[in-house]
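Residue numbers (the UniProt record's numbering): 1 to 660.
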């Protein structure tokens, strides 16, 4: 395959790697002169016509995805029996290799990577493309730390059934339960796979493993993951909650969109409290954990309580002790301690409730009704009509979810038992909080993560636009933004930023022989800067025109092109050849870069064969024809010497004779 040219354009060079369904080579686009990655499909897939048709469709769809976090697809084609895709050539390493080399990543780095993957998925999902094969092998980490997601659409093109083949086993670790069961897939399937990727990045290992693809797939469907903090105690509790929400078995209980997940990760990175709306886990601060077996006595592994993925009710699961990494050898693991504490808390709560019902509830107390979502008028009327409770204070507050004029909170809360005459304090919604005016920050030269963080702090929403060429901004950093820095915006407004692709290279136009004005216009229109260097004489280029320019070939736009301008032919002083033998005169003029024309004239005062006079004289351009008048002696009737001349058709003697 190396050195083969595909499609008459793409030269295949060294092999980069091979996967379950394709081989990737480094190559050169011989039309544009750029390095590309060439992915060729393995023969067993290329021989299937239905696969080839779907592969083409998906490659075309993936080529439409524009994001700084998605590997660009430039072209697709077939050459003989070889199907190929031409992709952006990247430098860096895949995330899987990075985890194998360096182990678990810190929580902030995991969140940053997850946020960038979310931006890539958001673009794909808005084009109705489900990746279906999100895994760390498909996440390329570039030298600047940013990522790009690979193989959009490829997973849809290949067979989705699971086999024991090792190439499929690698994917089985990351497929969603619904994908394993062959059910229709939506964006939440990719979110589940991303949850697995973040779990592995945070813990250094996948949550579900086995000897073959089938056993791994069954665990994806039937088993709950060990909380990341039990595998790696350094995992931040808030990040753990985000990951576990992604890994809910029921798609409806996960984050529903990539944008929703990205907002949670961005909030975490910005230091804001992340509210996770599922009952999958109860996050306890580390300070709440207390070692209970100081006496060295053994403790029994408690069954873990987790919500049922469909009903949300709690159920007892089999002991997960064999999947937990012990913290030390002296006492119960973190999972055991949390289980014991939860059991103690539950027992105290039950005892408290029993004591309340036995001793605390007073005769004649009533349960406080729920007034939330009622209008203020209806709520106050209901309180008055009860003839039991009284209207307390009415306060107002903004709320993005409660309709204006409706009760958004009450004190005491509904369901609590209170005596007659208790005042019910209501908080009424003023509607959505008005968006505050903010000043758009300057995102110039920021990385995408830095730009997102700067915008999020001000309540603005970042959006990555198309990448642009820029001569002064490093590739992968913000080169443009809209609206501009320093302008006013409202919270919630979107700021679009465009990342730099670096300087664009173009072929320098050949302006040799152009006038200076025309050459300058041509080069500036091509995106180059023009400077005039030395001016010099030229026998071939007219004065004011370009003799040469530098540099030439392909150059980044913005490069300065230096012009050498002609001053016309060089000027020389015409030698005084009067009195010289006409042959000496001719040689003298030739050596000075001048041409000559000889005329013979009778003379009684100048010896025959000597120059009487010449014209013109003084300073003249090289190549000027100088006419020399040569004495023919007193007798003009005799044969005159032949003079060859060097003035072209005008050279030599012209036969003119005259007398002094």
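Glycine included, C-beta positions come from ideal geometry on N, C-alpha and C.
Looking at the unbroken alpha helix (DSSP H) that takes in residue i, where does it start and where does it end?
i	result
residue 4	Where residue 4 is concerned, there is no enclosing alpha helix (DSSP H), given that its DSSP letter is neither H nor E.
residue 254	Neither: residue 254 is in no alpha helix (DSSP H) and is coded neither H nor E.
residue 388	Note, residue 388: premise wrong, no alpha helix (DSSP H); not H, not E.
residue 125	107-126
residue 231	228-231
residue 98	95-102
residue 178	177-180
residue 242	237-246
residue 475	Here residue 475 belongs to no alpha helix (DSSP H), and DSSP marks it neither H nor E.
residue 172	166-172
Take the Cβ of residue i as the centre, count every other Cβ of all protein chains shown within 10 Å, and call the residue buried at 16 or more, exposed below.
i	result
residue 488	exposed
residue 598	buried
residue 232	buried
residue 31	exposed
residue 8	exposed
residue 18	exposed
residue 72	buried
residue 181	exposed
residue 288	Model confidence at residue 288 stands at a pLDDT of 34, short of 50, so the residue's coordinates are unreliable; what they give is reported in the following sentence. Under this definition residue 288 is an exposed residue.
residue 138	buried
residue 623	exposed
residue 211	exposed
residue 97	exposed
residue 39	buried
residue 102	exposed
residue 554	exposed
residue 661	Residue 661 is absent from the model: the chain starts at 1 and stops at 660.
residue 275	exposed
residue 423	exposed
residue 498	buried
residue 22	buried
Beta strand (DSSP E) containing residue i: first to last residue?
i	result
residue 216	Element bounds for residue 216: not the beta strand (DSSP E) but the alpha helix (DSSP H), 213-222.
residue 83	82-88
residue 546	546-550
residue 184	Premise fails: residue 184 is in no beta strand (DSSP E) and is neither H nor E.
residue 555	554-556
residue 518	Note, residue 518: premise wrong, no beta strand (DSSP E); alpha helix (DSSP H) at 516-525.
residue 453	From DSSP, residue 453 is part of no beta strand (DSSP E) but of the alpha helix (DSSP H) over 448-457.
residue 439	437-439
residue 489	488-490
Going by DSSP, name the residue or residues bridged to residue i.
i	result
residue 482	496
residue 426	394, 410
residue 382	According to DSSP, which records beta bridges pairwise, residue 382 is partnered with nothing at all.
residue 508	Answer is none; residue 508 lacks a bridge partner.
residue 366	418
residue 563	532, 549
residue 38	25, 86
residue 375	406
residue 464	497
residue 541	Answer by DSSP bridge pairing: none, since residue 541 is not bridged.
residue 141	93, 147
Report, in whole angstroms, the separation of the C-beta atoms of residue i and residue j, which I expect to be a contact under 8 Å.
i	j	result
residue 24	residue 16	4 Å
residue 421	residue 390	6 Å
residue 428	residue 406	7 Å
residue 254	residue 185	In fact, because the Cβ distance is near 13 Å, the residues do not count as touching under 8 Å.
residue 443	residue 468	So it is not a contact: roughly 13 Å between Cβ atoms.
residue 207	residue 225	4 Å
residue 678	residue 121	The question about residue 678 has no answer here: the residues shown for the chain are numbered 1 through 660.
residue 535	residue 567	5 Å
residue 491	residue 438	6 Å
residue 435	residue 446	Actually they are not in contact, since the Cβ atoms of residue 435 and residue 446 sit about 24 Å apart, beyond 8 Å.
If we define contact as Cβ-Cβ less than 8 Å, is residue i a contact residue for chain D?
i	result
residue 377	Of the protein chains in the structure, only one exists, and it is not chain D.
>> Runs of 3 residues minimum, wholly inside the segment 4-36: which ones carry the beta strand (DSSP E) assignment?
In response: Those beta strand (DSSP E) runs which fall completely within the segment 4-36 and span 3+ residues are 10-18, 22-29.
> Which residue spans inside the UniProt domain "PASTA" (568-632) form an unbroken beta strand (DSSP E) run of at least 3?
Replying inline: Within the UniProt domain "PASTA" (568-632), the complete beta strand (DSSP E) segments at least 3 residues long are 571-573, 595-601, 611-615, 619-621, 625-631, listed from N- to C-terminus.
> Which ranges does the alpha helix (DSSP H) cover as unbroken runs of at least 4 residues, wholly within the segment 40-78, from first to last along the chain?
Replying inline: Taking only runs of at least 4 residues, the alpha helix (DSSP H) segments lying wholly in the segment 40-78 are 43-46, 49-63.
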